[in-house]
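Notes for the one structure printed next.
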Amino acid sequence: MTSAHPFSVISFTHCFKLKRCHSTNNTLHHHHPNLIATMSSSDPAPNRNRSFGTESKLSGNDQTDAKPLLSRYSSSSGSFKQMPRRRVPGKPDMRRSYSRDIGHAAAETYMITRLTITLLRYLGVGYRWITRLAALGFYAALLMPGFLQVAYYYFFSSQVRRSIVYGDQPRNRLDLYLPKTLDGPKPVVAFVTGGAWIIGYKAWGCLLGQQLAERDIIVACIDYRNFPQGTIGDMVADASQGISFICNNISEYGGDPNRIYLMGQSAGAHISACALLEQAIREAKGEEGISWSVSQIKAYFGLSGGYNLCNLVDHFNNRGLYRALFLSMMEGEESLQSFSPELRLEDPSIGNAVSLLPPIILFHGTADYSIPSSASIDFAAALQRLGAQAELILFDGKTHTDLFLQDPLRGGKDEMFSHLVAVIHAGDEEALAKDATAPPRRRLVPEVLLRMASHISPF
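Written as structure tokens, this is what we have:
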């Protein structure tokens, strides 16, 4: 359902990293008019098309920390046009960055608090989610030694480019994790973080970004609107627009536009799978005006994701993500099938969209109780049945957070990480040789704390 993340140690409240609360869709109005009445916003409401994965338009005035030029797509010619490549931006002004971050945090405090209260009112007094919230606090405290080290890297490393704007909607930002040396175009992983569709935030991918950057891989962690700031249609649209920005602009940061990989974890795996499939459907139908193509994605990695929402509603309800809340996030029960990639594959109206999909690799732990491994098993089977290139890798005894958090914090050899790097570096003999001689990753948390955290984990 979700995963614990490095910065949850600072405050669980700050997990609700939301900029502005926009008006939600008709589903929320229908199910919870009182909740809507409590959610006001000074920002203009975004134009929303509730179709699966619809993209919103880039604003021509968007700025990034490094101010890259935005590429444009020519719908009349049907080809991608990219602006001339610029040199990699230099090290940002750290004093200006810190001042901006402090001001940004202060401006968000009121909004975060108000949205947190709104969610608590919406959830009510529920035994399941309250006990899990308490467990999350203890879990984060046990892993604090690692979280603090990751947080230091995130805020102070010159290899991290934070909050690059990729669109004109709230939360349309991404973080870039760059290798120490950019001596040639590097492979790129576009990563969509998890967070139960409620507490996702781009910084949750910091540990993955840091470790992949050590292997000469650029990582772009895409932020997106969470509930109640947005619903699933907004999340998929944001992810798709973030992917578009990466495909069209990553060369300006030293990335190889011909080696882009898409990855998502937990709720992020679901969102990114929706975005990928919807893009394939649009291309199969010959729609014009698309800003990126599935042909630009070399492979998709789904980590501990759920791909059939109809099978997960009751499971989530039993674990504290109550049915009414989940259906509101997913825009009503009637939308569950539209936002279930496994079910969408069976729709004959999508044409040859499945044949356009890149290779798909799904990772899942067999001891995952947040999203059972059967979710990935069934999705892989559906893909293979329809002729897609899909691979399923199960990790015996691993939980929802082991693959993404505890194992990386443990250091040393990590089977999932090794497989990920091997796929990305396949065909690059020099990179594979470096991987073979790379020193073991450093342990960030003592083993005794990791074992205690595993026993108390709410996931």
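Going letter by letter, the sequence shown gives residues 16 to 474 in our numbering. For every residue, glycine included, the Cβ atom is placed at its ideal position computed from N, Cα and C.
Of the listed residues the options, nearest to residue i (C-alpha basis)
i	options	result
Leu442	Ala156, Thr146, Met159, Pro202	Checking the displayed sequence, the identity of residue 442 turns out to be Gly instead of Leu. Among Ala156, Thr146, Met159, Pro202, the Cα nearest to that of Gly442 belongs to Pro202.
Glu406	Lys413, Thr416, Asp393	Asp393
Gly321	Pro160, Asn333, His379	His379
Glu293	Ala218, Leu351, Val369	Val369
Ala205	Ala252, Phe260, Ala403	Phe260
Leu324	Leu358, Asp271, Ala382	Leu358
Glu430	Glu445, Leu409, Leu447	Leu409
Pro272	Leu189, Val234, Leu148, Ser178	Val234
Tyr6	Asp231, Cys221, Leu223, Lys217	A question about residue 6 goes unanswered here, because the residues of the chain that appear run from 16 up to 474.
Glu349	Ala211, Ile213, Ile247	Ile247
Ser355	Ser391, Leu371, Ala382	Ser391
Met1	Gln225, Gly210, Ala228	This structure gives no information on residue 1, because the portion of the chain shown stretches from 16 to 474.
Ile375	Ser388, Ala403, Ala382, Thr381	Ala403
Ile213	Pro185, Asp190, Ile145, Phe341	Phe341
Ala290	Ser353, His434, Lys428	Ser353
Asp417	Tyr154, Ile145, Leu148, Thr146	Tyr154
Ser287	Ala396, Glu462, Gly269, Gly257	Gly257
Asp411	Leu401, Asp383, Ser172, Phe419	Asp383
Beta-bridge pairing of residue i - partner residues as DSSP gives them
i	result
Ala192	It should be pointed out that residue 192 corresponds to Tyr in this sequence rather than to Ala. In DSSP, Tyr192 forms a bridge with Val175, Val234.
Gly270	Lys201
Ile305	According to DSSP, which records beta bridges pairwise, Ile305 is partnered with nothing at all.
Glu406	Ile376
Met278	Phe206, Phe316
Val180	Arg188
Three-state secondary structure (DSSP) of residue i
i	result
Arg458	coil
Lys300	coil
Leu327	coil
Ser86	For Ser86, the predicted model reports a pLDDT of 37, less than 50, meaning its position is unreliable; a value from the coordinates is still stated below. Coil, per DSSP.
Gly317	strand
Cys221	helix
Gly427	strand
Ile213	coil
Glu293	helix
Glu444	helix
Asn333	helix
Ser391	helix
Arg240	coil
His470	helix
Ile145	helix
Ser385	coil
Tyr154	helix
Thr246	coil
Thr416	coil
Asp411	coil
Ala453	coil
Beta-carbon proximity of residue i to residue j, cut-off 9 angstroms
i	j	result
Gly279	Phe316	yes
Ala254	Val207	yes
Cys262	Ser308	yes
Asp450	Val436	yes
Pro423	Arg456	yes
Ile386	Ser472	no
Ile312	Leu277	yes
Arg177	Tyr169	yes
Leu371	Ala299	yes
Cys464	Leu157	The residue you asked about is not Cys; residue 464 is Leu in the sequence shown. Yes, these two residues count as a Cβ contact at 9 angstroms.
Residue i at chain D interface by Cβ criterion, 9 angstroms
i	result
Ser433	The structure shown contains no chain D, having only a single protein chain.
Check: residue i C-beta below 8 angstroms from any heavy atom of the ligand NAP
i	result
Leu372	No copy of the ligand NAP occurs in the structure displayed, which carries no ligand at all.
Length at least 4, wholly inside the stretch 338 to 379: the alpha helix (DSSP H) runs in chain order: 338 to 344, 356 to 359, 368 to 371
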